[in-house]
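> Chains as they are written, first to last, in my numbering: chain A, 445 to 815; chain B, 445 to 815; chain C, 107 to 446; chain D, 107 to 446.
We put the beta carbon where it would ideally sit given N, CA and C, even for glycine.
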Amino acid sequence: MPSRTAATQAGTAAQGLLPTDVPISLIDADARACSDDDWKMPDELRLLKLYRGMVLGRRFDSQATALTKQGRLAVYPSARGQEASEIGAVLALRPHDWLFPTYRDSVAITARGVDPVEVLTLLRGSWHCGYDPYEHRVAPQCTPLATSALHAVGLAQAARMKGEDTVVLVMLGDGATSEGDTSEALNIAAVWNAPVVFFVQNNGYAISVPLAKQTAAPSLAHRGIGFGLPGLRVDGNDAAAVHACVSRAIERASAGGGPTLIESMTYRIEAHTNADDATRYRDQHEVEQWLARDPITRLRRYLLDRKLLDESKIDALDAEADTAAAQLRERMNADVPADPDELFKDVYAEPTTALRRQRAMIDAECRAGAA
Amino acid sequence: MPSRTAATQAGTAAQGLLPTDVPISLIDADARACSDDDWKMPDELRLLKLYRGMVLGRRFDSQATALTKQGRLAVYPSARGQEASEIGAVLALRPHDWLFPTYRDSVAITARGVDPVEVLTLLRGSWHCGYDPYEHRVAPQCTPLATSALHAVGLAQAARMKGEDTVVLVMLGDGATSEGDTSEALNIAAVWNAPVVFFVQNNGYAISVPLAKQTAAPSLAHRGIGFGLPGLRVDGNDAAAVHACVSRAIERASAGGGPTLIESMTYRIEAHTNADDATRYRDQHEVEQWLARDPITRLRRYLLDRKLLDESKIDALDAEADTAAAQLRERMNADVPADPDELFKDVYAEPTTALRRQRAMIDAECRAGAA
Amino acid sequence: MTIVAETTSSATELTMAAALNRALRDALADDERVLVFGEDVGRLGGVFRVTDGLADQFGEARVFDTPLAESGIVGTAIGMAMNGLRPVVEMQFDAFAYPAFEQVTSHLAKMRNRTHGHVQLPIVIRIPYGGGIGGVEHHCDSSEVYYAHTPGLRVVTPADAADAYSLLRQSIESPDPVVFLEPKRRYWNKQQVVPSRGDDLGRALVRRGGTDVTLIAYGGPVATALDAAEAAEQEGRSVEVIDLRSLAPFDDETVCASVRRTGRAVVVHEASGFCGYGAEVAAQISEQCFHYLEAPVLRVTGLDIPYPPPQLENHHLPSVDRILDTIDRLQWDESRPAED
Amino acid sequence: MTIVAETTSSATELTMAAALNRALRDALADDERVLVFGEDVGRLGGVFRVTDGLADQFGEARVFDTPLAESGIVGTAIGMAMNGLRPVVEMQFDAFAYPAFEQVTSHLAKMRNRTHGHVQLPIVIRIPYGGGIGGVEHHCDSSEVYYAHTPGLRVVTPADAADAYSLLRQSIESPDPVVFLEPKRRYWNKQQVVPSRGDDLGRALVRRGGTDVTLIAYGGPVATALDAAEAAEQEGRSVEVIDLRSLAPFDDETVCASVRRTGRAVVVHEASGFCGYGAEVAAQISEQCFHYLEAPVLRVTGLDIPYPPPQLENHHLPSVDRILDTIDRLQWDESRPAED
Ligand SMILES: Cc1ncc(C[n+]2csc(CCOP(=O)(O)OP(=O)(O)O)c2C)c(N)n1
Ligand SMILES: Cc1ncc(C[n+]2csc(CCOP(=O)(O)OP(=O)(O)O)c2C)c(N)n1
Ligand SMILES: [Mg+2]
Ligand SMILES: [Mg+2]
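(1) DSSP has T546(B) in a bridge; who is on the other side?
(2) Tell me the DSSP secondary structure of Y204(D) in three-state form.
(3) From the beta carbon of E112(D), is the nearest beta carbon of chain A less than 9 Å away?
(4) Answer yes or no: the CB of G619(B) versus the heavy atoms of ligand 4, is any distance below 8 Å?
(5) Any idea what DSSP makes of Y578(A), helix, strand or coil?
(6) How long is the line joining the alpha carbons of A693(A) and Q276(C), rounded to whole angstroms?
(7) By Cβ distance below 7 Å, which residues in the same chain neighbour V558(A) in space, the five residues on each side in sequence not counted?
(8) According to the neighbour-count rule (16 or more other Cβ atoms, all chains shown, within 10 Å of its Cβ), is A722(B) buried or exposed?
(9) At a cut-off of 8 Å, is A414(A) close to ligand 1 when judged by its beta-carbon and the heavy atoms of the ligand?
(10) Report yes if the C-beta of N647(B) is less than 8 Å from at least one heavy atom of ligand 4; otherwise report no.
(11) By Cβ distance below 7 Å, which residues in the same chain neighbour G382(C) in space, the five residues on each side in sequence not counted?
(12) Cβ-heavy atom distance between R149(D) and ligand 3 below 8 Å?
(13) Less than 8 Å separating the Cβ of Y235(C) from some heavy atom of ligand 2?
(14) Could you check which residue in M498(A), E732(A), R516(A) and Y711(A) has the C-alpha nearest to that of A684(A)?
(15) Please confirm if L664(B) has its CB atom under 9 Å from at least one CB of chain A.
(16) Please report the straight-line C-alpha distance between H572(B) and A215(D), rounded to a whole angstrom.
(17) Flag D434(C) as yes if its beta-carbon sits less than 9 Å from any beta-carbon of chain B, otherwise no.
(18) Excluding the 5 residues preceding and the 5 following A552(B) in the sequence, name in chain order all residues of the same chain whose CB lies nearer than 6 Å to its CB.
(19) Tell me which same chain residues have a C-beta within less than 6 Å of the C-beta of E445(C), skipping the five on either side of it?
(20) For T587(A), verify whether its CB is less than 8 Å away from any heavy atom of ligand 6.
(21) Below 9 Å between beta carbons: does that hold for Y649(A) and G675(A)?
(22) Examine ligand 2 and report whether any of its heavy atoms sits within less than 8 Å of the Cβ of P654(B).
(23) Pop quiz: L491(B) and L752(B) are said to be a contact at Cβ under 8 Å. What is the actual Cβ separation, rounded to whole angstroms?
(24) For R428(C) and A388(C), I'd like the C-alpha separation in whole angstroms.
(25) Start and end of the alpha helix (DSSP H) containing K513(A)?
(26) Spell out a yes or no on whether the segment 404-423 of chain D and the segment 788-795 of chain A are touching, meaning 3 or more CB-CB pairs, one atom from each, closer than 8 Å.
(27) With a threshold of 9 Å between beta carbons, is P173(D) in contact with chain B?
(28) Between D505(A), Y495(A), L462(A) and L564(A), which has its C-alpha nearest R775(A)'s C-alpha?
(29) Just tell me which of G185(C), H244(C) and V195(C) has its CA closest to the CA of D171(C).
(30) Mind checking who R260(C) pairs with in its DSSP beta bridge?
(31) Would you say D282(D) faces chain B, with C-beta separation under 9 Å as the test?
(32) Can you check whether the C-beta of D137(C) is within less than 9 Å of a C-beta belonging to chain A?
(33) Helix, strand or coil for T626(B) per DSSP?
(34) Identify, in the order they occur along the chain, each residue of the same chain with its Cβ nearer than 7 Å to the Cβ of R502(A), setting aside the five sequence neighbours on each side.
(35) Check whether chain C comes within 9 Å of L399(D), counting only Cβ atoms and requiring the distance to be less than that.
(36) Does any CB atom of chain D fall closer than 9 Å to the CB of E786(B)?
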């Protein structure tokens, strides 16, 4: 009871929940290995997988942007520049884990194995979620910001209740951390000790709003301690570091250690979406500084320096990425016949009388239109 | 840009935002002065004011509970045991400051000068908010938890915009900190550097739910740093310490230093309201431990020890409190005629046609009923 | 996971609160995927004692208190349902469900449709709603329209203890998300209840037969409507009373069949009239029974004001007298010219 | 604080977005208590550019970006209004206003009433709403009923650029809180606009005279209704079109006067029909014009489904053809037996 005892516990418990002063980094901006006693460099195989994932991811991303120009996608939010975060995090997941992505995380979803055409269904406009979330354990891409953080906590907790070894990785943007739902999710996850990893891609902006207008905190990772979970900060353009952090957070959660909050410091190179004009709110100079920190170049140089990669492998990977992109372009060029009957199918498990009537009306209209 | 610079700034900025390991205390549970280099004991006059406020507050509180038994109040949430927090905080406000109270803070509101009958209007059931919020700068008592934290931030920020020296004190419970609105308010207040003091009375329970099910954080005051505002923790049964903390937070805000989060560690001696049965979820033993830390006894002993108070003054104050309670009882025994016309008056600035029609219907019904 | 077969049970006198408690208890016993959680639903048994004893019987793993966060409660329930569980969550009072509104409208209601049926969310959100208990502000809202207007949600509200049991059981078994609105002023009304699941979710019930006018109500005002029908009988008018039970979907068939017989209809509810549920009922009757109507469909509803304080709530709530007055206005006198 | 007198202005061709921008600009210039804030409304000028240039002209102290938190935006606006300011806040899209629902229903709508008129909240919440722009899920909801059913709120929606200007000016000056719904598919429609404030908040407008049937619409579908009226004219039917403009309060007088003349009515809106705004309009017409109606009041509305994906939204939105088909169903043929 009396407060001094409580206080001492508080002091002790606070240990280990604050982020380090310097973001965790394993390969620095000049492609040199950083010495960090606390963190181990992923092995060669992993590093090559990360590199491959980023190359494929970026090519997919630029193809998707191209598809908006051809009118094949209504809109596309690019993750260019964030590949180390996207890929580093998603490749840390084990098959039984779940991913809860946002609209920006198509790159991560395809890396998880979801058919890119199914991923782009939402943005193509033929349906909402184009894939079966259970197939690869990827939740629908979430647009209402921060709401999926709670779903992630619930799914993770249910897994624990059922005795399954499932960890849930939920992706959030820096802007989304200002929504009440993010805080509720952090709090509930910590109280329940749920196996969740909150992965915040701090890309500097929420559409046009820079981080400084979003938070006055020393870092977003500092939010962890106030809810009782550890907050880590990682160089989000360093795929090795991101991968190491997320992997450890998953291990920890899997071992019953509870949730972790990770802030991944990165940058959105493109505008918010193809429909946005970023020159209205930021300097090209800033973009260029970040281009110099490109996550793919960085890992490529590191791997080249260590002869883990050579020009022919690089070319082969680029060719693989081009082929995948060409296939995607081709498949996206096919028109999908949108069937109005679909509208009524899954509103309820069984269509109501009213919906059956409305379907009949649409059917009649379609027949009249066709006639 | 590069993360190490950012990190160093973060490290520096984080200084001073974390609460002390031990809650701030000036008079300990045994009524001894604690030595604390950082905090100064309020002067005699203040201490006597605090004592008087607590005595009047407790008498008001027990009178209100009695009124529920006589059917004069629908319900009453008692603040018994929390007087040091209620009074210590509210007496720190200057005339131009604002108070945003909850349903539990009737004691604070009366101490601010609002007529107790007007305070009890809500719980008596004759109208919602019974007082003019502008008269004493006290917002309506807030029931939807945490929502008023945002109003407080808005009002405070508006005052700054208008160049007024107004600080806003918003009261919250420990349970309310789990609501998204609390976090949104902390965040926005810090980003705007708004002159607000968030005063959380951690009384151990949200109705039946103990703190351990509400948060896993080392303390609620730790929530500050993640939003970029300082978090303080104070012994909430020590009126002197509460008063010192809140006073300093108000000074700081008034001087442009921005918001502060204060967690006041106290205990709800009574059930959640008279309608609640606390034996269903907590031990009498726990209650007794806290009774031994009674805030009024503690300050009385301190003042007696220093001869700042004597038995005759104590008796006089008790008599004053009894008189006030008797007056309150009497005034609450008068039936208030509730006028149905009031229903329609302030829905809009001008009643709509539909409301005029509805009023006519009610008038006709009343006439028919009276006839 | 095993589903225990339903045991036949005999009639017991139960309050609505007890019947709901029994329904939760039986659902928890029958299906281990069912969970009950919310604010104060554990050790305390809920502020209305609807979950009394459940945590003791089924353990804290299945019946538990959450942190105080309604969006959090619904949001985590969604995640749990995605993972195969069947959460039954409680919002402590009507107005305290509003923080969860985004989770309800943008996710709970839409998930099945968004995912082409891959993800279903068999969640029940229990909400004590409405007034008549002398509650202070924010404790008496009738919020049914917010949910009924949102496609993808079922909205169910029982009017008595027997329905409370069977509709809650069916709601928990429904593959669709259900907003289950409990009329708190009927919590303590007693009745003989045979706890049986039934198989009529979505159907209205004719509570009392009649030939002259159809009274349509749901939730708290059903009892008021029955009293009014009784009183009207004394005055020589035969009143049919329909209890909707399911607000979404709406059982227009039962309602319209009745009105085609009686030729007159009055809709009764507590919520404010403007854009209230009664508007939909009146509009559908007016459209589907146009040539059968002897008089316009009238509505007896709450006033278009925020829910009033306890001392004035009697003016807001549909009363027997107001229903009788309204029935009187249904143009019975052939010789009287139309008022409009 | 000084209120600058209105300057007379001449007609300019403006899109609705530009007219709204102009209204905000003039309001900011005329009354220093007016503030504009929300997500991306500052430097970017809003995702629809409605606030373009305002931060430059009036400074970041009066036009600014907030952290990304809708409850926070409305909640802080309430506090600012309590302190004498007049916030005009933007919710980026319809479905993204839901996190603010509790602040809107439990505080914004009720504050004046709760405090016996002591506290008034002259706040405008601007919400781009509705579909028709190929937007993906959560970007196309028609959420008007959630607000219109909540007593204490005014709900206003312009159909063209001229009204956008004058209704927004009036909304900002209104002492009541206003939910101002901007039909985003009309943002880029151009029109000659004389920027004048007007004095008709709460009144509907007869957009086109007619004698055979009254079409009632608001927001996006007003233009569709006018097109349908034009087409019906070709077929020999004279259609009156009413633009409601104010959904709360509802101008029943204008609507009923028209229907009493025409004897037939169709209500058109994008939102799902069930418990939609059209239900209230149909119910009121059916009640108040009972003896004048030659046919039931019909509704042409969005389907009772979550807003569909871009490629299917044309099936959801009320079209000219569907309106014409519905007009055809208004029992014109005296010899034809009633369908019900
Ligand atoms: C609840 C909600 N409010 C507003 C929006 C509109 N919106 C879409 S993306 C975005 C910015 C998000 O920024 P951030 O979280 O940093 O993610 P990023 O886009 O940078 O990946 C906004 C405001 C939304 N989708 N959901
Ligand atoms: C949004 C909301 N949800 C639920 C409630 C119901 N409720 C009233 S008081 C209370 C507990 C609050 O606990 P705490 O914040 O610790 O304050 P205390 O009562 O202890 O002063 C609850 C759940 C409410 N008033 N508002
Ligand atoms: Mg971002
Ligand atoms: Mg508490």
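This is what the structure gives:
(1) For the purposes of this step, residue 546(B) is identified with residue 102 of the second sequence, where counting begins at 1. DSSP, once it has assigned bridges, lists C586(B) as partnering T546(B).
(2) Residue 204(D) sits at position 98 when you count from the first residue of the fourth sequence. Three-state result, Y204(D): helix.
(3) As a first step, residue 112(D) must be located in the fourth sequence, where it is residue number 6. Residue confidence is low: E112(D) scores 48 on pLDDT, short of 50, so the model does not pin down where it sits. Its coordinate-derived value is still stated next. It does not; no Cβ of chain A falls within 9 Å.
(4) As a position in the second sequence, residue 619(B) is number 175, starting the count at 1. At least one heavy atom of ligand 4 is nearer than 8 Å to the Cβ of G619(B), so yes.
(5) Position 134 of the first sequence, counted from the first residue, corresponds to residue 578(A). If DSSP states are grouped into helix, strand and coil, Y578(A) belongs with the helices.
(6) Taking the first sequence and counting its residues from 1, the one referred to as residue 693(A) is at position 249. Taking the third sequence and counting its residues from 1, the one referred to as residue 276(C) is at position 170. Looking at the two C-alpha atoms, the distance is approximately 41 Å.
(7) Reading the first sequence from its first residue, position 114 is the one you call residue 558(A). The residues are Y575, H580 and V582.
(8) In the second sequence, counting from the first residue as 1, residue 722(B) sits at position 278. It counts as buried.
(9) Residue numbering for chain A in the displayed model covers 445 to 815; residue 414(A) lies beyond these limits and cannot be assessed.
(10) Within the second sequence, the letter at position 203 stands for residue 647(B). Correct: N647(B) has its Cβ closer than 8 Å to ligand 4.
(11) Residue numbering aside, residue 382(C) sits at position 276 when the third sequence is read from its first letter. Answer for G382(C): V251, H375 and T407, listed in chain order.
(12) Stepping through the fourth sequence from its first residue, residue 149(D) is reached at position 43. Checking the Cβ of R149(D) against ligand 3 gives no.
(13) Residue numbering aside, residue 235(C) sits at position 129 when the third sequence is read from its first letter. No - ligand 2 has no heavy atom lying nearer than 8 Å to the Cβ of Y235(C).
(14) Against the first sequence, residue 684(A) aligns to sequence position 240. Cα-wise, what sits closest to A684(A) is M498(A).
(15) Residue 664(B) sits at position 220 when you count from the first residue of the second sequence. Yes, its Cβ sits closer than 9 Å to a Cβ of chain A.
(16) Residue mapping note: residue 572(B) aligns to position 128 of the second sequence, counting from 1. Residue mapping note: residue 215(D) aligns to position 109 of the fourth sequence, counting from 1. Each residue's Cα considered, the two are about 14 Å apart.
(17) Along the third sequence, read from residue 1 onward, the residue named residue 434(C) stands at position 328. Answer no: the Cβ-Cβ gap between D434(C) and chain B never drops below 9 Å.
(18) Within the second sequence, residue 552(B) is the residue found at index 108, counting from 1. Result list for A552(B): E530, V534 and P545, in chain order.
(19) Numbered from 1 along the third sequence, position 339 holds the residue referred to as residue 445(C). Any reading at E445(C) must be qualified, since the residue scores a pLDDT of 48, below 50, and its modelled position is unreliable; the value itself is stated next. There are no such residues.
(20) The ligand content of the structure shown is limited to ligand 1, ligand 2, ligand 3 and ligand 4, which means ligand 6 is not among them.
(21) Residue mapping note: residue 649(A) aligns to position 205 of the first sequence, counting from 1. Residue mapping note: residue 675(A) aligns to position 231 of the first sequence, counting from 1. The answer is no: Cβ separation not under 9 Å.
(22) Locating residue 654(B) in the second sequence gives position 210, where the first residue counts as 1. No, since every heavy atom of ligand 2 falls outside the 8 Å radius drawn around the Cβ of P654(B).
(23) Position 47 of the second sequence holds residue 491(B). Position 308 of the second sequence holds residue 752(B). That belief holds up - the Cβ atoms of L491(B) and L752(B) are roughly 7 Å apart, short of 8 Å.
(24) Here the question's residue 428(C) lines up with position 322 in the third sequence. Here the question's residue 388(C) lines up with position 282 in the third sequence. Taking the straight line joining both Cα atoms gives about 18 Å.
(25) Against the first sequence, residue 513(A) aligns to sequence position 69. Its alpha helix (DSSP H) spans residues E488 to K513.
(26) yes
(27) Here the question's residue 173(D) lines up with position 67 in the fourth sequence. For P173(D), the answer is yes, since a Cβ of chain B falls inside 9 Å of its Cβ.
(28) Mapped onto the first sequence, residue 775(A) falls at position 331. Comparing Cα-Cα distances from R775(A) to each of D505(A), Y495(A), L462(A) and L564(A), the minimum goes to L564(A).
(29) One-based indexing of the third sequence puts residue 171(C) at position 65. For D171(C), the nearest C-alpha among the options comes from V195(C).
(30) Along the third sequence, one-based indexing puts residue 260(C) at 154. R260(C) is bridged to V284(C).
(31) In the fourth sequence, counting from the first residue as 1, residue 282(D) sits at position 176. It does: the Cβ of D282(D) has a partner Cβ on chain B nearer than 9 Å.
(32) Counting from 1 along the third sequence, the entry for residue 137(C) is found at position 31. Output row for D137(C): interface = no.
(33) Taking the second sequence and counting its residues from 1, the one referred to as residue 626(B) is at position 182. In the structure shown, T626(B) sits in a helix (DSSP, three-state: H, G or I).
(34) If you number the first sequence from 1, residue 502(A) lands on position 58. Only R524, E527 and I740 meet the Cβ criterion.
(35) Residue 399(D) sits at position 293 when you count from the first residue of the fourth sequence. Interface residue, yes.
(36) Within the second sequence, residue 786(B) is the residue found at index 342, counting from 1. It does: the Cβ of E786(B) has a partner Cβ on chain D nearer than 9 Å.
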